[in-house]
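K.L.:
Same order as they appear, the protein sequences are chains A and B. The opening residue of the first sequence carries number 1 in our numbering; numbering runs sequentially from there. The opening residue of the second sequence carries number 1 in our numbering; numbering runs sequentially from there. Glycine residues also receive a C-beta, built at the ideal position from the N, C-alpha and C atoms.
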Amino acid sequence: MQQLVLKLFKPLITVSQKAIAVTSFVFEILYEMKSFFHQRKITRLILIRQILFTGFEALGLIAFIAFAVGGIIIIEGNVMLPDFGRSKLLYSILVVVLVRELGGLLTTFIITARSGTAIAAELGNMVVNHEVESLVSFGISPVLYLVVPRVLGVVLSVVALTIYFNAAALAGSWFLAHLFTPLPIADYLDNLFNTISMRDILSSFVKSFVFGFVVAVVSSYQGLQVQFASTEVPQRTIKGVVLSLTWVLIFDIIITMFVYLL
Amino acid sequence: MKKLEAQNISLTTRIPVLTNFSYSFEKGIYGILTDQPGENSNLLKVLAGLLEPAAGSVTLEGKNVFTSFDKSERVVRKEIGFVFQLGGLLANLSIMENLLLPFDFHFPEIPLEEKKERINLMLHSFALKEEILNHRPASLSVSVRKALLFVRMLLVEPTIIFYDNPFMNCTLQLKNILMELILTQREKNCLQIFSDCTDTKLLGIAGRILVFKSGVLYMTGTLDELKATGDDFIHDLISNLYDE
Chain A
1 MQQLVLKLFK PLITVSQKAI AVTSFVFEIL YEMKSFFHQR KITRLILIRQ ILFTGFEALG
61 LIAFIAFAVG GIIIIEGNVM LPDFGRSKLL YSILVVVLVR ELGGLLTTFI ITARSGTAIA
121 AELGNMVVNH EVESLVSFGI SPVLYLVVPR VLGVVLSVVA LTIYFNAAAL AGSWFLAHLF
181 TPLPIADYLD NLFNTISMRD ILSSFVKSFV FGFVVAVVSS YQGLQVQFAS TEVPQRTIKG
241 VVLSLTWVLI FDIIITMFVY LL
Chain B
1 MKKLEAQNIS LTTRIPVLTN FSYSFEKGIY GILTDQPGEN SNLLKVLAGL LEPAAGSVTL
61 EGKNVFTSFD KSERVVRKEI GFVFQLGGLL ANLSIMENLL LPFDFHFPEI PLEEKKERIN
121 LMLHSFALKE EILNHRPASL SVSVRKALLF VRMLLVEPTI IFYDNPFMNC TLQLKNILME
181 LILTQREKNC LQIFSDCTDT KLLGIAGRIL VFKSGVLYMT GTLDELKATG DDFIHDLISN
241 LYDE
């Protein structure tokens, strides 16, 4: 009977243990953030490299995808609605679809594919090569040195890239709308700014901030879970991607619900 | 003189690595010999505070060596140097950045130029060229990487040094340099503990060799004392060294 009860509760116990481990990892990151600025001599380089890789080097890809997505929305809308280019509905759709939702989500998906995988794989390999242990042997916290700069770098990059994505997507949508129906840029911007609200901008900002944090934390956590073999690295990387995307979508739903409730 | 004390330590991985081990390490050279060579690293890591034992504690002057990373407890880690048998250099950093990392962390007040000067001096003592400072670890030979692990450890000037298989991947020249280094550190009254060593010359200079049988401290003594015991287990363990 006791064994049956244990068997029934085993998944619950495992999930609880994992939840506690992840929560304490998040708290450790937040705790070490206070030391980050005192130790910037050793952590600054990691932060700069993370921003360079996650933010700067992704600019081209983000611009291309954003421009294409903005254009596709306009083309689809133009097929569905006659005189779409002149319709006020255009701006509402652009704000709801692009600024509120797709901007943050697609940017995060791209960052997860580029940087989330890189973080998990890099940290996993560092564990296998005793690099993490060597940091511990100096007394340097691996969370302070390896995780905090990556979290800050990814969060800053995702926030900046989301703004960049939205701008590129709106530019792309204007460009393609203009091909179908001549539309002066001044009119387009005027209508757009009349439609967009502070709540839309704030929602986009909060989402990108949370999404960046989730991707960086999940990827770092999975990378540091590698123990002995390099064969664990791809497994943990894949797990990092799947869990990042899952949690990003869960947080997206929660934040969207809050935005509509407020 | 600082004392490293192990109190009732137990650690089990796949097999018992340590069972209720208590010992007081003072200045000098200590060797570790076990019948489970695969677990030597874990044993050393427990003593160095890199691995938390299942039970017991290791203390340095009353302070637990398995510490948090708080600034107040950092002083304990500064005293302890650890040379890994493999890896340990950060692959994404240049050699200069690798060497500066613990240096910057423990001695932020020393000017960069002075640090670079000390690094260059240390490189020369290991017969290494300054040109390697801009390289990444992966572009260097295994023996150079091994030498750099010693350089990095020595820059912080620890008083307690752990060597995990110190002569592994070493050229003969490096081996001689390391032997000199170990003797110099002995003169400086450092506590040095090495494991997984099949070099009888090094075992010969150890003031004490701790022999473990299935994770339990079996016997201690100098190499000559151990050889003279006539114990079958010790005899087998030591004769294996000579075979190698």
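1) Ignore the nearest five residues each way along the sequence and tell me which others in Ile238(B)'s own chain have a CB closer than 7 Å to its CB.
2) Assign Phe107(B) to one of three DSSP states: helix, strand, or coil.
3) Taking a Cβ distance cut-off of 8 Å, strictly less, list which residues of the segment 33-67 of chain B are near chain A, in chain order.
4) Does Asp104(B) come within less than 7 Å of chain A when only Cβ atoms are used?
5) DSSP three-state label for Leu268(A), please.
6) Could one say the Cβ of Lys41(A) lies closer than 7 Å to chain B's Cβ atoms, at least one of them?
7) Consult DSSP for Asn134(B) and reduce its assignment to one of helix, strand or coil.
8) Would you check if the distance between the CB atom of Gly103(A) and the CB atom of Asn166(A) is smaller than 7 Å?
9) Taking the beta carbon of Arg236(A) as the centre, do at least 16 other beta carbons fall within 10 Å, making it buried, or is it exposed?
10) Between Phe69(B) and chain A, is there a C-beta pair that is closer than 7 Å?
11) Considering Ser16(A), what are the terminal residues of the alpha helix (DSSP H) in which it resides?
12) From the beta carbon of Gly230(B), is the nearest beta carbon of chain A less than 7 Å away?
13) Since Val155(A) contacts Ala118(A) with CB under 8 Å, what's their CB separation in whole angstroms?
14) To the nearest angstrom, how far is it from the Cα of Phe250(B) to the Cα of Phe84(B)?
15) Once you ignore the five residues that flank Val99(A) on each side, which residues in its own chain have a CB closer than 6 Å to its CB?
16) So does the segment 22-30 of chain B actually touch the segment 192-205 of chain B, counting three or more Cβ pairs closer than 8 Å?
17) Can you check whether the CB of His130(A) is closer than 7 Å to the CB of Gly49(B)?
18) Could you tell me how far apart the beta carbons of Val143(A) and Glu232(A) are, in whole angstroms, since I believe they sit closer than 8 Å?
19) Compute the distance between the beta-carbons of Gly215(B) and Thr67(B), then report whether it is under 7 Å.
20) Report the three-state DSSP secondary structure of Asp236(B) (helix, strand or coil).
21) Counting only beta-carbon atoms, is Phe84(B) nearer than 7 Å to chain A?
22) What separation, rounded to the nearest whole angstrom, lies between the Cα atoms of Thr112(A) and Leu245(A)?
23) When the Cα atoms are used, what is the spatial distance from Gln7(B) to Ser22(B)?
24) Is there a Cβ of chain A sitting closer than 7 Å to that of Arg74(B), yes or no?
25) Roughly how many whole angstroms lie between the Cα atoms of Phe103(B) and Phe150(B)?
26) Using the C-alpha atoms, what's the distance from Met179(B) back to Leu202(B)?
27) Measure from the alpha carbon of Met96(B) to the alpha carbon of each residue in Ile80(B), Thr229(B), Lys115(B), then state which is nearest.
28) Spell out whether any CB of chain A is found under 7 Å from the CB atom of Arg14(B).
29) Would you list, in sequence order, the uninterrupted beta strand (DSSP E) runs of no fewer than 3 residues that lie entirely inside the segment 16-54 of chain B?
30) Would you kindly work out how many angstroms separate the C-alpha atoms of Ile140(A) and Val75(B), rounded to a whole number?
31) What does Gly139(A) reach in chain B if we use C-beta pairs closer than 9 Å?
32) Does the beta-carbon of Asn78(A) have 16 or more other beta-carbons within 10 angstroms, so that it is buried, or is it exposed?
33) Leu105(A) to Thr54(A), Cα distance in whole Å?
34) I want to know whether the segment 152-164 of chain B touches the segment 129-137 of chain B - three or more CB-CB distances under 8 Å.
35) For the segment 117-135 of chain A, which residues have a beta carbon sitting closer than 9 Å to at least one beta carbon of chain B?
36) With a threshold of 6 Å on Cβ separation, who are the neighbours of Glu5(B) within its own chain once the five nearest residues in sequence on each side are excluded?
P.N.:
Put simply:
1) On the second sequence, position 238 is the one that residue 238(B) refers to. Once the five neighbours on either side are set aside, the close Cβ partners of Ile238(B) are Leu226, Lys227.
2) The residue you call residue 107(B) lines up with position 107 of the second sequence. Three-state result, Phe107(B): coil.
3) Lys45, Ala48, Leu50, Thr67
4) Here residue 104(B) corresponds to residue number 104 of the second sequence, with the count starting at 1. Chain A contact via Cβ: present.
5) Summary: the structure shown does not reach residue 268(A), with chain A confined to residues 1 through 262, and so no result is reported for it.
6) In the first sequence, the residue the question calls residue 41(A) occupies position 41. Interface residue, yes.
7) As a first step, residue 134(B) is located in the second sequence; it is residue number 134 there, counting from the start. The answer is helix: DSSP assigns Asn134(B) an H, G or I state.
8) Residue 103(A) sits at position 103 when you count from the first residue of the first sequence. Residue 166(A) sits at position 166 when you count from the first residue of the first sequence. Cβ atoms of Gly103(A) and Asn166(A): closer than 7 Å.
9) For this step, residue 236(A) is matched to residue 236 along the first sequence. The residue in question, Arg236(A), is buried, as its Cβ has 16 or more Cβ neighbours within 10 Å.
10) Your numbering for residue 69(B) matches position 69 in the second sequence. It does: the Cβ of Phe69(B) has a partner Cβ on chain A nearer than 7 Å.
11) Reading the first sequence from its first residue, position 16 is the one you call residue 16(A). Segment 2-36, the alpha helix (DSSP H) holding Ser16(A).
12) For this step, residue 230(B) is matched to residue 230 along the second sequence. No - not a single Cβ of chain A is within 7 Å of the one on Gly230(B).
13) To locate residue 155(A), count along the first sequence from 1; it is residue 155. To locate residue 118(A), count along the first sequence from 1; it is residue 118. About 16 Å separates the two Cβ atoms, so there is no contact after all.
14) Outside the displayed span of chain B (1 to 244) sits residue 250(B), for which this structure offers no information.
15) Along the first sequence, one-based indexing puts residue 99(A) at 99. Within the same chain, Val99(A) has close Cβ partners Asn166, Asp200, Ser204.
16) yes
17) The residue you call residue 49(B) lines up with position 49 of the second sequence. The residue you call residue 130(A) lines up with position 130 of the first sequence. No, the pair does not count as a contact, with Cβ atoms beyond the cut-off.
18) For this step, residue 143(A) is matched to residue 143 along the first sequence. For this step, residue 232(A) is matched to residue 232 along the first sequence. That belief does not hold up - the Cβ atoms of Val143(A) and Glu232(A) are roughly 20 Å apart, past 8 Å.
19) Within the second sequence, the letter at position 215 stands for residue 215(B). Within the second sequence, the letter at position 67 stands for residue 67(B). No, they are not a contact pair.
20) Position 236 of the second sequence, counting from 1, holds the residue named residue 236(B). Looking at Asp236(B) - three-state DSSP - the assignment turns out to be helix.
21) Locating residue 84(B) in the second sequence gives position 84, where the first residue counts as 1. Yes - at least one Cβ of chain A is within 7 Å of the one on Phe84(B).
22) Against the first sequence, residue 112(A) aligns to sequence position 112. Against the first sequence, residue 245(A) aligns to sequence position 245. Cα to Cα, Thr112(A) sits roughly 8 Å from Leu245(A).
23) Position 7 of the second sequence, counting from 1, holds the residue named residue 7(B). Position 22 of the second sequence, counting from 1, holds the residue named residue 22(B). Looking at the two C-alpha atoms, the distance is approximately 4 Å.
24) Here residue 74(B) refers to the residue found at position 74 of the second sequence. Cβ-Cβ to chain A under 7 Å: yes for Arg74(B).
25) Residue 103(B) sits at position 103 when you count from the first residue of the second sequence. Residue 150(B) sits at position 150 when you count from the first residue of the second sequence. Whole-angstrom Cα-Cα distance: 13 Å.
26) Position 202 of the second sequence, counted from the first residue, corresponds to residue 202(B). Position 179 of the second sequence, counted from the first residue, corresponds to residue 179(B). Straight-line Cα distance between these residues: approximately 7 Å.
27) Here residue 96(B) refers to the residue found at position 96 when the second sequence is read from its first residue. For Met96(B), the nearest C-alpha among the options comes from Lys115(B).
28) Here the question's residue 14(B) lines up with position 14 in the second sequence. No, because no Cβ of chain A sits closer than 7 Å to the Cβ of Arg14(B).
29) 16-25, 28-34
30) To locate residue 140(A), count along the first sequence from 1; it is residue 140. To locate residue 75(B), count along the second sequence from 1; it is residue 75. Their backbone Cα atoms lie some 12 Å apart in a straight line.
31) On the first sequence, residue 139(A) is found 139 positions in, with the first residue counted as 1. Within 9 Å Cβ-Cβ: Thr67, Phe69, Glu73, Arg74, Val75, Val76, Arg77, Lys78, Ile80, Pro102, Phe105, His106.
32) Taking the first residue of the first sequence as position 1, residue 78(A) is located at position 78. Result: buried.
33) Counted from its first residue, the first sequence places residue 105(A) at position 105. Counted from its first residue, the first sequence places residue 54(A) at position 54. The alpha-carbon atoms of Leu105(A) and Thr54(A) are separated by roughly 15 Å.
34) no
35) Glu122, Asn125, Met126, Val128, Asn129, His130, Glu131, Glu133, Ser134, Leu135
36) Walking along the second sequence from the start, residue 5(B) turns up at place 5. Ser24, Thr59.
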